[in-house]
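Structure first, then comments.
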Amino acid sequence: MSAPSVLVDAALEVHGITKSFGGNHVLRNVDMSVSPGSLHFLIGPNGAGKTTLFNVISGFIRADAGTVSLFGSDVTGERARKVARQGLARTFQNLQLFASLTVAENVLMALHGQMKGGLPRAMTGLFVSREENREYERAYEWLDRFGLAKYASSMPSDLSYGDRRLVEIIRAFASQPKVVLLDEPAAGLGLSARANLFDVLKELHAGNMTIVLIEHDMKFGMALADEVTVLDVGTRIAHGTPAQVQKDDAVIAAYLGKRSVADA
Amino acid sequence: MKSPLMTKRRNQHFIWLGAVVVVAVLPLVFGDGYSQTVILTIGLYAIFGIGLQLTMGTGGILNMGHAAFIGIGAYSSAIVTTKGGNPWVGMLVGIVVAGVLAFVVGLPILRLRSLYLAIATLCVALAVTNVLGFWTALTGGQNGVTGIVPFSIGDFSFIDLPSQIYLIWGFLLVAVLIRINLRYSVVGREFEAIKDSDLATSSLGINHGARRLQIFVIGSVIGAVGGSLYATYLSAITPDLFGFPFLIQIFVLVALGGMVSLWGAPIGAIAVVCLHEFVIPVISGGNAGPVEIVIFGVILVIVMIFAPNGLTDQVVSTTRRLVKIARRRRNHDEPSSVTPASKKVAA
Ligand SMILES: Nc1ncnc2c1ncn2[C@@H]1O[C@H](COP(=O)(O)OP(=O)(O)OP(=O)(O)O)[C@@H](O)[C@H]1O
Ligand SMILES: [Mg+2]
Numbered sequence: 001m002s003a004p005s006v007l008v009d010a011a012l013e014v015h016g017i018t019k020s021f022g023g024n025h026v027l028r029n030v031d032m033s034v035s036p037g038s039l040h041f042l043i044g045p046n047g048a049g050k051t052t053l054f055n056v057i058s059g060f061i062r063a064d065a066g067t068v069s070l071f072g073s074d075v076t077g078e079r080a081r082k083v084a085r086q087g088l089a090r091t092f093q094n095l096q097l098f099a100s101l102t103v104a105e106n107v108l109m110a111l112h113g114q115m116k117g118g119l120p121r122a123m124t125g126l127f128v129s130r131e132e133n134r135e136y137e138r139a140y141e142w143l144d145r146f147g148l149a150k151y152a153s154s155m156p157s158d159l160s161y162g163d164r165r166l167v168e169i170i171r172a173f174a175s176q177p178k179v180v181l182l183d184e185p186a187a188g189l190g191l192s193a194r195a196n197l198f199d200v201l202k203e204l205h206a207g208n209m210t211i212v213l214i215e216h217d218m219k220f221g222m223a224l225a226d227e228v229t230v231l232d233v234g235t236r237i238a239h240g241t242p243a244q245v246q247k248d249d250a251v252i253a254a255y256l257g258k259r260s261v262a263d264a
Numbered sequence: 265m266k267s268p269l270m271t272k273r274r275n276q277h278f279i280w281l282g283a284v285v286v287v288a289v290l291p292l293v294f295g296d297g298y299s300q301t302v303i304l305t306i307g308l309y310a311i312f313g314i315g316l317q318l319t320m321g322t323g324g325i326l327n328m329g330h331a332a333f334i335g336i337g338a339y340s341s342a343i344v345t346t347k348g349g350n351p352w353v354g355m356l357v358g359i360v361v362a363g364v365l366a367f368v369v370g371l372p373i374l375r376l377r378s379l380y381l382a383i384a385t386l387c388v389a390l391a392v393t394n395v396l397g398f399w400t401a402l403t404g405g406q407n408g409v410t411g412i413v414p415f416s417i418g419d420f421s422f423i424d425l426p427s428q429i430y431l432i433w434g435f436l437l438v439a440v441l442i443r444i445n446l447r448y449s450v451v452g453r454e455f456e457a458i459k460d461s462d463l464a465t466s467s468l469g470i471n472h473g474a475r476r477l478q479i480f481v482i483g484s485v486i487g488a489v490g491g492s493l494y495a496t497y498l499s500a501i502t503p504d505l506f507g508f509p510f511l512i513q514i515f516v517l518v519a520l521g522g523m524v525s526l527w528g529a530p531i532g533a534i535a536v537v538c539l540h541e542f543v544i545p546v547i548s549g550g551n552a553g554p555v556e557i558v559i560f561g562v563i564l565v566i567v568m569i570f571a572p573n574g575l576t577d578q579v580v581s582t583t584r585r586l587v588k589i590a591r592r593r594r595n596h597d598e599p600s601s602v603t604p605a606s607k608k609v610a611a
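Sequence order for the protein chains is A and B.
Under the numbering used here, the residue at position 159 of the first sequence is numbered 159, and the numbers go up by one with no gaps.
Under the numbering used here, the residue at position 50 of the second sequence is numbered 314, and the numbers go up by one with no gaps.
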């Protein structure tokens with residue numbers, strides 16, 4: 001990678017994103033700037049447009065207006081797989097594991113980008129297995145790091161929901177992305193699975209990875225976050241540090257009925 | 265740590281050796297001409313089946329055009345050899361024509377999904393059979409081509425049944441090997457993954473379109489190779505050999521053998537050829553043609569409803585599930601030394 005001549009100060013820069021479905025304005029002129037190595041917490045009430053913003057950033061849907069750039073390179077309007085190749089990984093609000101692959105193979109899929117996937121090699125079975133086995137070990141190490149090595153050869157359906165969530169997150173991180181988007185990773189998890197996930201995210205974040213997190217559990221997210229962006233009905237109503245955002249009047253109003261964001 | 269990927273491959277080498285031995289002794293055990301014809305036909309149909317399995321099972325492409333690609337292979341061999349060309353050149357021409365056509369046609373139509381794709385591939389098949397039937401100067405029209413020259417290596421010609429069986433089953437083993445290699449490769453894993461979640465594969469940077477096109481070309485080319493072997497075995501072909509009834513046969517083959525199971529095509533081929541040779545003549549009492557297509561149609565519908573991934577795959581996955589449930593129950597029961605009999609029956 002040749003360093004761009006302009007100093008890049010954002011890992012992910014979203015500018016003026018607008019998107020409507022039919023007459024339904026889901027995002028209006030949204031800005032978001034994510035600093036390198038930070039954990040950025042994206043919050044907002046149900047239907048605020050958080051997932052839609054992720055879909056725009058990751059190239060699954062095209063915005064009507066606005067730009068997205070990753071470490072200074074413009075990825076606006078690029079298709080999902082192109083954006084992924086530029087170093088963006090994500091998880092999905094509704095879990096997307098590969099049901100017919102083992103847990104380890106699921107993680108291995110993230111390493112495919114770095115493997116020689118040529119068709120002649122694949123058909124003849126030559127020269128592949130050594131590389132594959134090496135990459136498999138890497139996938140296994142990822143699982144081992146988060147206590148899931150014992151499930152390496154299991155099918156995803158054999159795992160608890162919380163562990164499946166973890167596998168999806170590990171898969172996202174294993175591709176060695178520059179930025180990871182996590183869409184409600186703690187949703188549907190029990191208390192202990194949630195605590196475990198918290199530790200995992202903390203460790204991944206400590207590895208200097210840039211993460212954008214959507215999460216309804218405020219305590220969970222605020223405890224991890226360096227920066228916060230708040231969306232409400234498609235508009236950014238606040239951004240800043242967790243402390244700044246939590247005492248912001250507009251934010252408190254958006255979460256009406258709750259005394260403060262911290263208690264939401 | 266020992267990688268399960270490695271183990272999987274090792275196990276297969278074993279099965280592999282067994283398969284080669286079985287093929288080697290087949291013509292020796294079944295000495296009479298009729299049995300040998302049946303064995304040969306099973307080999308041919310298995311090759312056709314692998315091509316369809318790859319496009320439908322692996323690629324998820326509802327492919328109604330497979331018979332046409334087999335026809336292209338057959339006619340390439342027929343035309344090249346009757347014009348004095350080498351049979352191997354004929355096969356190569358079939359491979360190239362089928363591959364290029366699959367690529368050119370696949371590029372636009374593989375964007376379509378499910379039924380639309382089925383209709384598009386069916387149109388391709390109709391176009392091809394029309395060309396075969398009416399481009400009389402090249403293909404002999406409805407009269408077809410006769411005098412197709414068999415394969416040979418040096419002075420040795422694959423003309424008698426046992427040597428044809430070795431030739432065809434040799435190609436079949438290669439096709440199975442390609443299939444197994446594909447499944448346990450980076451590419452094969454991507455295909456499985458695409459079928460499971462195309463959202464997730466996109467988010468990992470995988471190019472679906474390119475992969476689907478590749479598998480469509482590979483499956484069609486394997487069909488063409490089968491067609492080339494078919495033509496040189498028959499030594500005379502007509503366009504109606506590659507029409508709709510033939511397509512239904514291969515569909516039934518894949519339906520019975522399974523869409524994805526690695527040995528599904530040979531298994532399905534045995535089933536279809538046995539039905540065709542032994543069962544249907546008895547049921548139909550001398551009117552096999554029309555009865556066969558009805559019976560095969562009914563089988564196809566029933567299997568598609570109750571086992572959309574094919575009968576073999578259904579049996580395998582059901583057995584696996586039952587074993588899993590049984591094992592879970594047993595583990596569950598272990599702490600108590602006396603297990604009530606009723607519980608065991610339930611498991
Ligand atoms: N593909 C789509 N077509 C039409 N409308 C959509 C589409 N995707 C999202 N929407 C609408 O956009 C709005 C915002 O949805 P989005 O999923 O982005 O919200 P969210 O902030 O992620 O909410 P939640 O917290 O419930 O996940 C909703 O009103 C939703 O119905
Ligand atoms: Mg959402």
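Note that beta-carbon positions come from the ideal geometry of N, C-alpha and C, so glycine has one too.
Proximity test, Cβ basis, 8 Å: residue i and chain A
i	result
Arg377/B	no
Ser461/B	yes
Ala500/B	no
Asn595/B	no
Ala362/B	no
Ala464/B	yes
Ala533/B	no
Ala457/B	yes
Residue-level contact to chain B via CB, residue i, 8 Å cutoff
i	result
Ser175/A	yes
Ser157/A	no
His15/A	no
Ala11/A	no
Gln93/A	no
Arg85/A	yes
Leu148/A	no
Met109/A	yes
Glu132/A	yes
Ala122/A	yes
Ser265/A	As shown, chain A starts at 1 and ends at 264. That puts residue 265/A outside it, with no answer to give.
Met1/A	Its pLDDT being 43, under 50, Met1/A is placed unreliably in this model, and the coordinates cannot settle the point.
Ser154/A	no
With 16 other Cβ atoms within 10 Å as the buried cut-off, status of residue i
i	result
Val353/B	exposed
Ala186/A	buried
Met568/B	exposed
Tyr339/B	buried
Phe265/A	Since the displayed chain A opens at 1 and closes at 264, residue 265/A lies outside it and no answer follows.
Ser466/B	buried
Gly490/B	buried
Lys150/A	exposed
His58/A	Residue 58/A is actually Ser in this sequence, not His. So Ser58/A counts as buried.
Best match in the options for proximity to residue i [C-alpha to C-alpha]
i	options	result
Arg447/B	Thr319/B, Val285/B, Leu505/B, Arg375/B	Thr319/B
Ile211/A	Lys202/A, Met218/A, Lys219/A	Lys202/A
Ala206/A	Asp9/A, Leu143/A, Gly37/A	Gly37/A
Ala254/A	Ala48/A, Val228/A, Met32/A, Thr18/A	Ala48/A
Leu213/A	Val30/A, Leu97/A, Trp142/A, Leu53/A	Leu53/A
Phe92/A	Asp248/A, Ala172/A, Lys219/A	Ala172/A
Tyr494/B	His330/B, Gln578/B, Arg377/B, Tyr309/B	Tyr309/B
Arg90/A	Leu181/A, Gly234/A, Asp249/A	Leu181/A
Ser449/B	Leu108/A, Trp142/A, Arg28/A, Leu197/A	Leu108/A
Proximal residues to residue i (C-beta, below 6 Å), its chain only, five neighbours per side dropped
i	result
Ala225/A	Leu39, Phe41, Pro242
Thr576/B	Gly521, Gly522, Ser525, Gly528, Ile531
Gln244/A	none
Val68/A	Val14, Ile57, Val75, Thr76
Beta-carbon proximity list for residue i, same chain, < 7 Å, skipping 5 on both sides
i	result
Phe146/A	Leu166, Ile170, Val200
Ile479/B	Leu318, Thr319, Thr322, Gly323, Phe455
Gly307/B	Ile429, Ile432, Trp433, Leu436
Ile423/B	Pro414
Close-in-space but distant-in-sequence residues of the same chain around residue i (CB under 8 Å, 5 per side omitted)
i	result
Ala11/A	Val34, Ser35, Pro36, Gly37, Ser38, Leu70, Phe71, Lys178, Val179, Thr210
Ser260/A	Model confidence at Ser260/A stands at a pLDDT of 48, short of 50, so the residue's coordinates are unreliable and nothing is read from them.
Below 7 Å between beta carbons is the criterion; list the residues of the region 439 to 455 of chain B that meet it against any residue of chain A, in chain order. Ile442, Asn445, Leu446, Ser449, Val450, Val451, Gly452, Arg453, Glu454
Could you list the residues in the region 466 to 492 of chain B with a C-beta less than 7 Å from some C-beta on chain A, going in chain order? Ser466, Ser467, Leu468, Gly469, Ile470, Asn471, Gln478
Using a Cβ cut-off of 7 Å, which residues of the region 19 to 52 of chain A contact any Cβ in chain B, in chain order? none
So if I threshold CB-CB distances at 9 Å, which residues from the region 97 to 108 of chain A count as touching chain B? Leu97, Phe98, Ala99, Ser100, Leu101, Thr102, Ala104, Glu105, Asn106, Leu108
Contact residues within the region 53 to 82 of chain A, judged by C-beta distance below 9 Å to chain B: Ser58, Gly59, Phe60, Arg79, Ala80, Arg81, Lys82
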